[in-house]
Amino acid sequence: MGMHLTFLNDFGPCFLNPIQSRFDMEKLIIPHPEEHMHYVLKIIQTIPVTVFTKNSNGWLKDIVTSGCDVIALDWSVDMELARKQVGKHVSLQGNMDPYVLYSENSYIQKETDLILSQFGFGEGHIFSLGHGILPDTDPKKVQFLVDSVHQLSKKYHQKIY
Numbered sequence: 016m017g018m019h020l021t022f023l024n025d026f027g028p029c030f031l032n033p034i035q036s037r038f039d040m041e042k043l044i045i046p047h048p049e050e051h052m053h054y055v056l057k058i059i060q061t062i063p064v065t066v067f068t069k070n071s072n073g074w075l076k077d078i079v080t081s082g083c084d085v086i087a088l089d090w091s092v093d094m095e096l097a098r099k100q101v102g103k104h105v106s107l108q109g110n111m112d113p114y115v116l117y118s119e120n121s122y123i124q125k126e127t128d129l130i131l132s133q134f135g136f137g138e139g140h141i142f143s144l145g146h147g148i149l150p151d152t153d154p155k156k157v158q159f160l161v162d163s164v165h166q167l168s169k170k171y172h173q174k175i176y
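Written out as structure tokens, the structure is:
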């Protein structure tokens, strides 16, 4: 689990000598910026691209044509309808309402199972909160959610022969 992220940054002497021209950039920061950008663009081609927009129901098919690998859905988007719209062209990420984590564990588990069942069987679903975690969320509730996802998602990833 996890992600691959590349970040190219060189603060170096730019704080002492602000960049005002290409010459400054070449001399102070990166001797040959084209080589670095070529390298970065080469790496980026291997990193999956995720697109997130709020209330994306109306343009999911358009987002698919953007070339992205994953569409992140906010909690207001129906997972089952979204999957029908995008098919297997992209993966879907989401989309539990973050306020669910203020509920009892039984309700968290029920909502987790609902979202997993709406996506259904097979690969291509990244379970997450559908718009980030709220600052005062109890970490024990987050752990319960993670454990629930691990437990409940197994049945949706079994190979059927």
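Residue numbering for the sequence shown is 16 to 176, as defined by our numbering. Even for Gly, the Cβ is constructed at its ideal location relative to N, Cα and C.
- Message: Per DSSP, what are the beta-bridge partners of T65 in this structure?
- Response: The count along the sequence shown starts at 1 and reaches residue 65 at position 50. Paired residues: V85.
- Task: Leaving out five residues on either side along the sequence, give the residues of the same chain with a beta carbon under 6 Å from the beta carbon of H172.
- Result: Within the sequence shown, numbered from 1, the residue matching residue 172 stands at position 157. Closer than 6 Å at the Cβ level, and outside the excluded window around H172, lies no residue.
- Query: Which residues mark the beginning and the end of the beta strand (DSSP E) in which L107 is found?
  - Reply: Your numbering for residue 107 matches position 92 in the sequence shown. Element bounds for L107: 106-108.
- DSSP state of H165, grouped into three classes? Numbered from its first residue, the sequence shown carries residue 165 at position 150. In this structure, H165 counts as helix in the three-state DSSP scheme.
- Of all the options N120, I141, F142, L149, which has the alpha carbon lying nearest to the alpha carbon of F159? Within the sequence shown, numbered from 1, the residue matching residue 159 stands at position 144. Minimum Cα distance to F159 is reached at N120.
- At what residue ranges does the region 91-138 contain a whole run of the alpha helix (DSSP H), taking only runs of 4 or more? Entirely contained in the region 91-138, the alpha helix (DSSP H) runs reaching 4 residues are, in chain order, 94-101, 120-134.
- Query: Looking only at DSSP bridge pairs, what is H140 linked to?
  - Reply: Residue mapping note: residue 140 aligns to position 125 of the sequence shown, counting from 1. According to DSSP, residue pairing for H140 in a beta bridge involves L107.
- Does DSSP classify N72 as helix, strand or coil? On the sequence shown, residue 72 is found 57 positions in, with the first residue counted as 1. Secondary structure of N72 (DSSP, three-state): helix.
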